[in-house]
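Enquirer: Every letter in the sequence shown is one number past the one before it in the working numbering, and letter 29, counting from 1, is 29.
The beta-carbon is built from N, C-alpha and C at its ideal position, and this holds for glycine as well.
What follows is a structure written as structure tokens; I'll ask about it next.
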Amino acid sequence: EDGPNSQCNRNSLLDRAVSTMTTPARLKAYLASVKKDVIDSDEKDIELALKALVLNEIVQRGVLPSSSYNDDMSRVAGAALSAAGKQLLDDSSNFPKPLLAGSSAMAGMVAEYVASLVETNENSFEFKGLEDAERRCKDVDDNRLLYLVQLLQNEEEETHIQLLHIAEGYYLRAASFQPDSPQMWKKALDVTVAARSPHGGEEPLEASYPLDNLIRIAEAKGNMKRVSDLSLRLAESWLSPKSAQHPFATLFVTPFLPSLQPSIRDAKQAIQKCDIAHLDDDGELWYKLLKLRIEINHEEITVQELAEEKLSAANNRGVGKNGKTVKAMAFRDIMVGSLASCDHPIDVASRHLRDTMLGRFQNYQATVTLTSTMTMLNKVLRRMKERAKQIGIESLKEKQVCNQKDAEKAWVDVTNFTEPLFRELAKHTEWNGIDSERSLE
1 EDGPNSQCNR
11 NSLLDRAVST
21 MTTPARLKAY
31 LASVKKDVID
41 SDEKDIELAL
51 KALVLNEIVQ
61 RGVLPSSSYN
71 DDMSRVAGAA
81 LSAAGKQLLD
91 DSSNFPKPLL
101 AGSSAMAGMV
111 AEYVASLVET
121 NENSFEFKGL
131 EDAERRCKDV
141 DDNRLLYLVQ
151 LLQNEEEETH
161 IQLLHIAEGY
171 YLRAASFQPD
181 SPQMWKKALD
191 VTVAARSPHG
201 GEEPLEASYP
211 LDNLIRIAEA
221 KGNMKRVSDL
231 SLRLAESWLS
241 PKSAQHPFAT
251 LFVTPFLPSL
261 QPSIRDAKQA
271 IQKCDIAHLD
281 DDGELWYKLL
291 KLRIEINHEE
301 ITVQELAEEK
311 LSAANNRGVG
321 KNGKTVKAMA
331 FRDIMVGSLA
341 SCDHPIDVAS
351 RHLRDTMLGR
361 FQNYQATVTL
371 TSTMTMLNKV
381 LRRMKERAKQ
391 IGIESLKEKQ
401 VCNQKDAEKA
411 WVDVTNFTEP
421 LFRELAKHTE
431 WNGIDSERSL
441 E
């Protein structure tokens with residue numbers, strides 16, 4: 001049993017460790033103890049895990065806190081106070097890169113573990129007595145450690161997401177030391193998606209960085225099925241908007257994540273790496289859905305650029321124009337300018353997507369991809385109807401850009417696109433005594 005003397009010895013050990021730089025052997029032993037006592041423990045001890053979270057950040061600076069996560073929080077606060085201001089270890093240190101990667105990955109695992117405890121609402125926390133550590137962090141501008149200390153003092157509504165961002169940053173840091181290790185990038189990818197798309201949905205833009213590296217590694221190994229699967233995710237991530245930057249992401253993630261912006265060019269390059277022969281039915285549908293999304297996004301950007309040109313020209317002439325009206329005019333010009341609709345990339349991609357879905361309609365489960373496909377086809381249909389309407393309006397003007405024949409053809413395109421969809425739906429629908437063939441006429 002621990003007695004007063006053993007407690008005193010533990011406190012003394014902590015005092016010595018906080019002021020002493022660690023060695024590779026000691027760091028390795030410390031990481032093993034964290035894995036055993038925190039990650040692999042059957043007890044869901046959130047206090048123990050939170051202390052380990054703070055001390056693992058201290059370890060990133062080369063200071064060994066021994067097994068001090070077993071001490072009370074005031075001792076951990078003392079460790080934070082003493083380590084504040086020390087720089088993170090980098091390539092110039094005498095630590096092997098695999099050990100630096102392992103140290104950062106362990107910190108990520110602990111952050112992810114605490115996030116899981118917070119998410120289940122089985123545990124809550126609010127620790128006192130950290131004011132001195134917080135003040136010291138502010139004095140030396142150690143914002144990383146400051147945010148962790150502040151996190152311990154008050155659990156907030158977004159604490160779970162904050163912890164996932166912290167884990168994301170640690171995994172990206174780990175991957176920077178071992179860029180050819182797929183395990184590090186996979187952990188970074190999983191937690192990036194969890195932090196930025198907690199309820200599922202599209203791949204976030206920030207996922208493009210770990211995805212790109214996982215594809216690079218898979219290509220080097222000749223695993224083309226893996227390349228194809230990941231390329232679909234990468235293409236989708238390049239089409240996603242940039243996520244709002246949380247302060248935790250700025251501190252822990254941004255230093256290890258390149259500046260990213262949505263990019264149609266990069267999305268196209270990603271989809272070109274995908275071999276459709278390696279995809280299952282759902283993957284093939286997703287592939288054709290992404291190809292259509294790329295074309296639609298390209299058109300939307302073209303409309304926006306044309307609208308900005310028109311607005312700028314109007315302002316230069318001293319003519320005030322409503323931005324929404326100008327954008328509608330730009331859309332009209334693009335639509336009327338695409339009279340050869342059958343050859344338009346959007347229409348070609350739309351038919352490919354429609355025909356792929358119809359060819360396997362009976363075998364499809366109610367997947368996210370199928371739902372997204374139906375939503376996208378509905379969007380395409382609205383676009384086709386609007387195009388037919390705009391062409392019809394233009395055909396009635398004195399200075400005709402298009403004629404009545406063009407208008408009729410535009411509406412025929414709408415019918416030709418929708419009819420196969422309705423006929424297939426009719427096969428799987430109870431029409432309640434109505435003649436489905438007659439209803440389609």
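Report the option in Arg-233, Glu-308, Ile-296 whose CA atom is closest to the CA atom of Pro-210.
Expert: Out of Arg-233, Glu-308, Ile-296, Arg-233 has the C-alpha closest to the C-alpha of Pro-210.
Enquirer: For the region 115-164, list the alpha helix (DSSP H) runs that are entirely contained and at least 4 residues long, ordered along the chain.
Expert: Within the region 115-164, the complete alpha helix (DSSP H) runs of at least 4 residues are 131-139, 143-153.
Enquirer: With a threshold of 6 Å on Cβ separation, who are the neighbours of Phe-177 within its own chain once the five nearest residues in sequence on each side are excluded?
Expert: Same-chain partners within the cutoff: Lys-97, Leu-100, Ala-101.
Enquirer: For Thr-375, which residues from the same chain have a beta carbon less than 8 Å from its beta carbon, with the 5 sequence-adjacent residues on both sides left out?
Expert: Cβ within range, chain order: n/a, list empty.
Enquirer: Since Leu-189 is in the alpha helix (DSSP H), which residue starts that stretch and which ends it?
Expert: Its alpha helix (DSSP H) spans residues 182-196.
Enquirer: Where Leu-257 and Leu-172 are concerned, what is the direct C-alpha to C-alpha distance, given to the nearest angstrom?
Expert: Looking at the two C-alpha atoms, the distance is approximately 7 Å.
Enquirer: Tell me the rounded alpha-carbon separation between Ile-301 and Ile-294.
Expert: About 11 Å.
Enquirer: What runs of the alpha helix (DSSP H), each 4 residues or longer, lie entirely inside the region 335-406?
Expert: Listed in chain order, they are 345-359, 368-395.
Enquirer: Would you check if the distance between the CB atom of Gln-230 and the CB atom of Leu-214 is smaller than 8 Å?
Expert: Note that residue 230 is Leu in the sequence shown, not Gln. Yes. Within cutoff.
Enquirer: Could you name the residues of the same chain whose beta carbon sits closer than 6 Å to that of Ser-341, not counting the 5 residues immediately before and after it, in chain order?
Expert: Model confidence at Ser-341 stands at a pLDDT of 49, short of 50, so the residue's coordinates are unreliable; what they give is reported in the following sentence. Closer than 6 Å at the Cβ level, and outside the excluded window around Ser-341, lie Asp-347, Asp-413.
Enquirer: Would you mind working out which of Glu-309, Gln-272, Glu-408 sits nearest Leu-290, comparing C-alpha positions?
Expert: The candidate whose alpha carbon is nearest that of Leu-290 is Gln-272.
Enquirer: In angstroms with no decimal places, state the Cα-to-Cα distance between Pro-316 and Glu-309.
Expert: Reading off the sequence shown, one finds Asn at residue 316, where the question assumed Pro. Going by the C-alpha atoms only, they are around 11 Å apart.
Enquirer: Is it buried or exposed for Val-63, if we count other Cβ within 10 angstroms and need 16 for buried?
Expert: It is buried - the Cβ of Val-63 has at least 16 other Cβ atoms within 10 Å.
Enquirer: Among the candidates Trp-185, His-352, Ala-388, Pro-420, whose CA atom is the shortest distance from the CA of Asp-406?
Expert: It is Ala-388.
Enquirer: To the nearest angstrom, how far is the alpha carbon of Pro-204 from that of Ala-167?
Expert: Rounded to the nearest angstrom, the two C-alpha atoms are 16 Å apart.
Enquirer: On the CB-based measure, 16 or more other CB atoms within 10 Å of its CB, does Glu-112 come out buried or exposed?
Expert: Glu-112 should be labelled buried.
Enquirer: Quick check on this structure: which residue in Arg-216, Leu-353, Ala-410 has the alpha carbon closest to the alpha carbon of Thr-369?
Expert: Looking at the Cα atoms, Leu-353 is the closest of the given residues.
Enquirer: Once the 5 residues before and after Lys-86 are set aside, which same chain residues still bring their CB inside 6 Å of it?
Expert: Around Lys-86: Arg-61.
Enquirer: What are the start and end residues of the alpha helix (DSSP H) that includes Thr-302?
Expert: Thr-302 -> alpha helix (DSSP H) spans 281-316.
Enquirer: According to the neighbour-count rule (16 or more other Cβ atoms, all chains shown, within 10 Å of its Cβ), is Glu-419 buried or exposed?
Expert: Exposed: under 16 other Cβ atoms inside 10 Å.
Enquirer: Looking only at its own chain, which residues have a Cβ that is under 6 Å from the Cβ of Arg-226, when we skip the five neighbours before and after it?
Expert: Closer than 6 Å at the Cβ level, and outside the excluded window around Arg-226, lie Ala-218.
Enquirer: Thinking C-alpha only, which one of Leu-48, Ala-29, Asp-141 is nearest Ser-442?
Expert: Nothing in the structure corresponds to residue 442, since the chain is present only between 1 and 441.
Enquirer: On a Cα-Cα basis, can you pick out the residue from Lys-327, Ser-228, Ser-92 that is closest to Tyr-287?
Expert: Minimum Cα distance to Tyr-287 is reached at Ser-228.
Enquirer: Going by DSSP, what residue range makes up the alpha helix (DSSP H) through Phe-252?
Expert: Segment 247-252, the alpha helix (DSSP H) holding Phe-252.
Enquirer: Going by Cα to Cα distance, which pick from Glu-299, Asp-282, Lys-327, His-298 is closest to Leu-311?
Expert: Nearest C-alpha to Leu-311: Lys-327.
Enquirer: What residues in its chain sit with their C-beta under 7 Å from that of Ser-237, if we drop five residues either side in the sequence?
Expert: These residues qualify, in order along the chain: Glu-203, Pro-204, Leu-205, Ala-207, Ser-208, Leu-211.
Enquirer: Roughly how many angstroms separate the alpha carbons of Ala-426 and Met-384, rounded to a whole number?
Expert: If I take the Cα positions, the gap works out to 22 Å.
Enquirer: Counting beta carbon pairs with one atom in the region 179-190 and one in the region 135-151, are three or more of them shorter than 8 Å?
Expert: The region 135-151 vs the region 179-190: no contact.
Enquirer: Looking only at its own chain, which residues have a Cβ that is under 8 Å from the Cβ of Glu-299, when we skip the five neighbours before and after it?
Expert: Once the five neighbours on either side are set aside, the close Cβ partners of Glu-299 are Ile-334, Ile-346.
Enquirer: Might you give, ordered along the chain, the residues of its own chain that have their beta carbon closer than 6 Å to the beta carbon of Glu-424, omitting 5 neighbours on each side?
Expert: The answer, listed in chain order, is Leu-358, Phe-361.
Enquirer: Exposed or buried, Gly-323, counting other C-beta atoms within 10 Å across all chains shown (16 or more means buried)?
Expert: So Gly-323 counts as exposed.
Enquirer: Let's test the definition: count the other Cβ atoms within 10 Å of the Cβ of Gln-304 and tell me whether it reaches 16, buried, or not, exposed.
Expert: Classification for Gln-304: exposed.
Enquirer: Span of the alpha helix (DSSP H) holding Lys-86?
Expert: Element bounds for Lys-86: n/a, residue is neither H nor E.
Enquirer: Using the three-state DSSP reduction, which class does Glu-203 fall into: helix, strand or coil?
Expert: Glu-203: coil per DSSP, three-state reduction.
Enquirer: Tell me which residue opens and which closes the alpha helix (DSSP H) that Asn-322 is part of.
Expert: No alpha helix (DSSP H) holds Asn-322; DSSP gives it neither H nor E.
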